[in-house]
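Down below is the structure, laid out as structure tokens.
In UniProt numbering, the protein residues as written are 1 to 304.
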């Protein structure tokens, strides 16, 4: 009566908080997901969640199935890993390079979780800001590059991890707090605080300022997100950062933030992999683990 797909759907519905996002996570249309849930409710002769609630409110029956999902789905995942190792896919190397200063919030928990299940895989981690990581990936010096700037290259596959909104962080008393969103021209008289990387690797230039032909009045750099936010909070400038990277500071009322443009600036983070490794069991599991950890820990991200 209860199938694994039902448990996966209910878990996705709880974690996503909406039918639209849950459908994307389980690779169904919204109509197909609704039909699947209705079919299960008919089988069980009960409702599983209360319609038109936000966030979604599950009934007692729905909560019981979610408990079952939390018990069973990890067991299935572990069994699949064990079978992959028994089939000879346990050994390998995973040299990771990141082009994202704020990615450590989800990458380190992902690595910790992955090591527990794939202890035989040799891992290494480096930053891609002092060299060109994609050519190194193509040569075989790296195995995985985390990037938001995919480049078309033969033999390289880009797997989307999640989409995120880049927002403008500012001091609580900043003049732009009164705005509903920020125009590119608003930054012509601002000091923009960024990570110390080439402008071509920064979302605010690629997707907001360059198209409008706007340059900030001044640019200041800082290595760490926490240092950038301290400068922002003290009124030394503004900074464009992923919404999930500043969620904690917004909740603590440490800073304010506004969308970049009326529709906002949304970008996608990818895992770049060589074609000859994209089906390796440990690589597939790392990507799946990264998605799972990200959606569990980060606020405001969407399925890419």
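All residues carry an ideal CB built from backbone N, CA and C; glycine is no exception.
Subject >> CB contact flag (residue 221, residue 113, <8 Å) >> reply: On the chain shown, residue 221 is found 221 positions in, with the first residue counted as 1. On the chain shown, residue 113 is found 113 positions in, with the first residue counted as 1. Contact annotation: residue 221 and residue 113 have beta-carbon atoms that are not nearer than 8 Å.
Original post:
Should residue 62 go down as buried or exposed, given a rule of 16 or more other Cβ atoms within 10 Å for buried?
Top reply: Looking up residue 62 in the chain shown gives position 62. By the 10 Å Cβ count, residue 62 comes out buried.
Subject >> Cross-strand partners of residue 72 (DSSP beta bridge) >> reply: Counting from 1 along the chain shown, the entry for residue 72 is found at position 72. Bridge partners of residue 72: none, in fact.
Original post:
Per DSSP, residue 220 forms a beta bridge with which residues?
Top reply: For the purposes of this step, residue 220 is identified with residue 220 of the chain shown, where counting begins at 1. BP columns for residue 220 point to 193.
Original post:
Is residue 48 closer than 8 Å to residue 59 when the C-beta atoms are compared?
Top reply: As a working mapping, residue 59 is identified with position 59 in the chain shown. As a working mapping, residue 48 is identified with position 48 in the chain shown. Taking the C-beta atoms as reference points, residue 48 is found nearer than 8 Å to residue 59.
Subject >> Beta-carbon spacing of residue 303, residue 77 below 8 Å >> reply: By 1-based counting over the chain shown, the position of residue 303 is 303. By 1-based counting over the chain shown, the position of residue 77 is 77. The Cβ atoms of residue 303 and residue 77 lie no closer than 8 Å to each other.
Subject >> Nearest-angstrom Cα separation, counted from residue 147 out to residue 137 >> reply: Counting from one through the chain shown, the residue named residue 137 turns up at place 137. Counting from one through the chain shown, the residue named residue 147 turns up at place 147. In this structure, the CA atom of residue 137 is about 12 Å from the CA atom of residue 147.
**OP:** Starting from the C-beta of residue 124, find all residues in its chain whose C-beta is less than 6 Å away, skip the five residues before and the five after it, and write them out in chain order.
**Re:** Here residue 124 refers to the residue found at position 124 of the chain shown. So the qualifying residues of the chain are 95.
Subject >> Extent of the continuous beta strand (DSSP E) run through residue 229 >> reply: Here the question's residue 229 lines up with position 229 in the chain shown. Bounds of any beta strand (DSSP E) do not take in residue 229; it lies within the alpha helix (DSSP H) bounded by 225-233.
Original post:
How should residue 188 be labelled, buried or exposed, when 16 other C-beta atoms within 10 angstroms of its C-beta is the threshold for buried?
Top reply: Counting from 1 along the chain shown, the entry for residue 188 is found at position 188. Taking every protein chain shown into account, the CB of residue 188 has fewer than 16 other CB atoms within 10 angstroms, so this residue is exposed.
**OP:** Work out the CA separation of residue 185 and residue 349 for me, nearest whole Å.
**Re:** There is simply no residue 349 to check, as the chain begins at 1 and stops at 304 in what is shown.
**OP:** List the endpoints of the continuous beta strand (DSSP E) containing residue 167.
**Re:** Position 167 of the chain shown, counted from the start, is the residue given in the question as residue 167. Where residue 167 is concerned, the enclosing beta strand (DSSP E) starts and stops at 156-170.
Original post:
Does the distance from the CB of residue 301 to the CB of residue 163 come in under 8 Å?
Top reply: Along the chain shown, read from residue 1 onward, the residue named residue 301 stands at position 301. Along the chain shown, read from residue 1 onward, the residue named residue 163 stands at position 163. A contact, by the Cβ cut-off of 8 Å.
Original post:
To which residues does DSSP link residue 124 through a beta bridge?
Top reply: What you label residue 124 is simply residue 124 of the chain shown in a count that begins at 1. In the DSSP output, where bridge partners are listed per residue, residue 124 has 95.
**OP:** Give the single residue among 287, 98 and 192 whose Cα lies nearest to the Cα of residue 236.
**Re:** Residue mapping note: residue 236 aligns to position 236 of the chain shown, counting from 1. Per the Cα distances, 192.
**OP:** Tell me where the beta strand (DSSP E) around residue 259 begins and ends.
**Re:** As a first step, residue 259 must be located in the chain shown, where it is residue number 259. Start and end: 256-259.
Original post:
What's the gap between the Cα of residue 277 and the Cα of residue 121?
Top reply: For the purposes of this step, residue 277 is identified with residue 277 of the chain shown, where counting begins at 1. For the purposes of this step, residue 121 is identified with residue 121 of the chain shown, where counting begins at 1. Rounded to the nearest angstrom, the two C-alpha atoms are 14 Å apart.
**OP:** Return the bridge partner residues of residue 294 from the DSSP annotation.
**Re:** Translated into the one-based positions of the chain shown, residue 294 becomes position 294. Note: residue 294 sits in no beta bridge, so no partner.
Original post:
Going by C-alpha distance, which of 27, 34, 262 and 79 is nearest residue 181?
Top reply: By 1-based counting over the chain shown, the position of residue 181 is 181. The shortest C-alpha separation from residue 181 is found at 262.
Original post:
For residue 9, is the classification buried or exposed, using 16 other Cβ atoms within 10 angstroms of its Cβ as the cut-off for buried?
Top reply: Position 9 of the chain shown, counting from 1, holds the residue named residue 9. A residue is called buried once 16 or more other Cβ atoms fall within 10 Å of its Cβ, and residue 9 is buried on that count.
**OP:** May I ask you to report which of helix, strand or coil DSSP gives residue 302?
**Re:** Indexing the chain shown from 1 puts residue 302 at position 302. Three-state result, residue 302: strand.
**OP:** List the whole-angstrom C-beta distance separating residue 178 from residue 255, where the pair is believed to meet the contact cut-off of C-beta under 8 Å.
**Re:** Residue 178 sits at position 178 when you count from the first residue of the chain shown. Residue 255 sits at position 255 when you count from the first residue of the chain shown. In fact, because the Cβ distance is near 15 Å, the residues do not count as touching under 8 Å.
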